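Colleague: Sharing a structure below in structure tokens format, with a few things to ask.
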Amino acid sequence: MPRSRPQLSLLTLDSTPESVSGARRHTAQVLHCWHARVELSDAARLVVSELATNAVRARGGPHGFTLSLVLDRDHLLVQVGDRDPHPPRPREAGPDATGGRGLHLVDTLSSRWGYYRTAPDGKVVWAELPAGAAEDLLPTEWPYAAVESKAPSATTACSR
33 MPRSRPQLSL
43 LTLDSTPESV
53 SGARRHTAQV
63 LHCWHARVEL
73 SDAARLVVSE
83 LATNAVRARG
93 GPHGFTLSLV
103 LDRDHLLVQV
113 GDRDPHPPRP
123 REAGPDATGG
133 RGLHLVDTLS
143 SRWGYYRTAP
153 DGKVVWAELP
163 AGAAEDLLPT
173 EWPYAAVESK
183 APSATTACSR
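In this note's numbering, the protein residues as written are 33 to 192.
Next up, the structure:
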């Protein structure tokens, strides 16, 4: 069977709290268009939410952040880039804390995660989620257009 090419989605958002829900919505729409399993979509939305929240908290204002989704036969790679050079650090959260569990959640849901620095003063935090039986996830025909936009749309259609 011929090997399908990976699917790619790129999104640039403002560093505002509202953009976190936009990133989640975009992730759900894109994975729906890619016919991803519901379990993968649910896990990806949680990971995107946590990484996008950290990006907004790291550098609010006009700097913005990027969201990249790449789906191949075996994995979904989620990447969130921001303009903060400091590495992500999991925090210890007490039982009554309302925050501080985000990276622990990312660690639980992903097969692996990490970060790399970008020039001149930023980083990308990434997480790899197992796609499961991805034979059913990817189309066998190419080309499928990469999805790239500046802001999420409530009516994003699946494009070909």
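Ideal Cβ positions, reconstructed from N, Cα and C, are used throughout, including at glycine. Everything numeric in this text was worked out from a predicted model, so none of it was measured.
In chain order, which alpha helix (DSSP H) runs of at least 4 residues are fully inside the stretch 34 to 113?
Modeller: Counting whole runs of 4 or more residues, the stretch 34 to 113 contains the alpha helix (DSSP H) stretches 49 to 65, 70 to 90.
Colleague: So, at 6 Å on beta carbons, what are the nonlocal neighbours of V157 in its own chain, with the 5 sequence-adjacent residues on each side left out?
Modeller: Answer for V157: L83, V112, P120, Y147, listed in chain order.
Colleague: Spell out the partners DSSP gives R144 in its beta bridges.
Modeller: R144 pairs with E160.
Colleague: Taking the alpha carbon of T59 as the reference point, which residue from T98, R37, S47, R89 has its own alpha carbon closest?
Modeller: Comparing Cα-Cα distances from T59 to each of T98, R37, S47, R89, the minimum goes to T98.
Colleague: DSSP has G154 in a bridge; who is on the other side?
Modeller: In the DSSP output, where bridge partners are listed per residue, G154 has T150.
Colleague: At the level of alpha carbons, what is the spacing between L137 and S36?
Modeller: Whole-angstrom Cα-Cα distance: 30 Å.
Colleague: Is W145 a contact residue of the ligand FMN, with contact defined as CB to any heavy atom under 7 Å?
Modeller: Annotation note on the ligand FMN: not contained in the displayed structure, which lists no ligands.
Colleague: Quick check: the Cα distance between H64 and L78, rounded to an integer number of angstroms?
Modeller: Those two C-alpha atoms are separated by around 15 Å.
Colleague: Helix, strand or coil for D139, going by three-state DSSP, please let me know.
Modeller: Residue state, collapsed to three classes: helix.
Colleague: If L45 and A55 are in contact, beta carbons under 8 Å, what's the gap, nearest whole angstrom?
Modeller: Confirmed, about 6 Å.
Colleague: Could you tell me the distance, in whole angstroms, from the CA atom of L141 to the CA atom of R149?
Modeller: If I take the Cα positions, the gap works out to 23 Å.
Colleague: Would you identify the three-state DSSP class for L169, choosing helix, strand or coil?
Modeller: Bear in mind that the predicted position of L169 carries a pLDDT of just 45, short of 50, making it too unreliable to give a figure here.
Colleague: Can the beta-carbon of R69 be found less than 8 Å from the beta-carbon of H95?
Modeller: Not a contact, by the Cβ cut-off of 8 Å.
Colleague: How would you call S53, buried or exposed, if buried means at least 16 neighbouring beta carbons within 10 angstroms?
Modeller: S53 should be labelled exposed.
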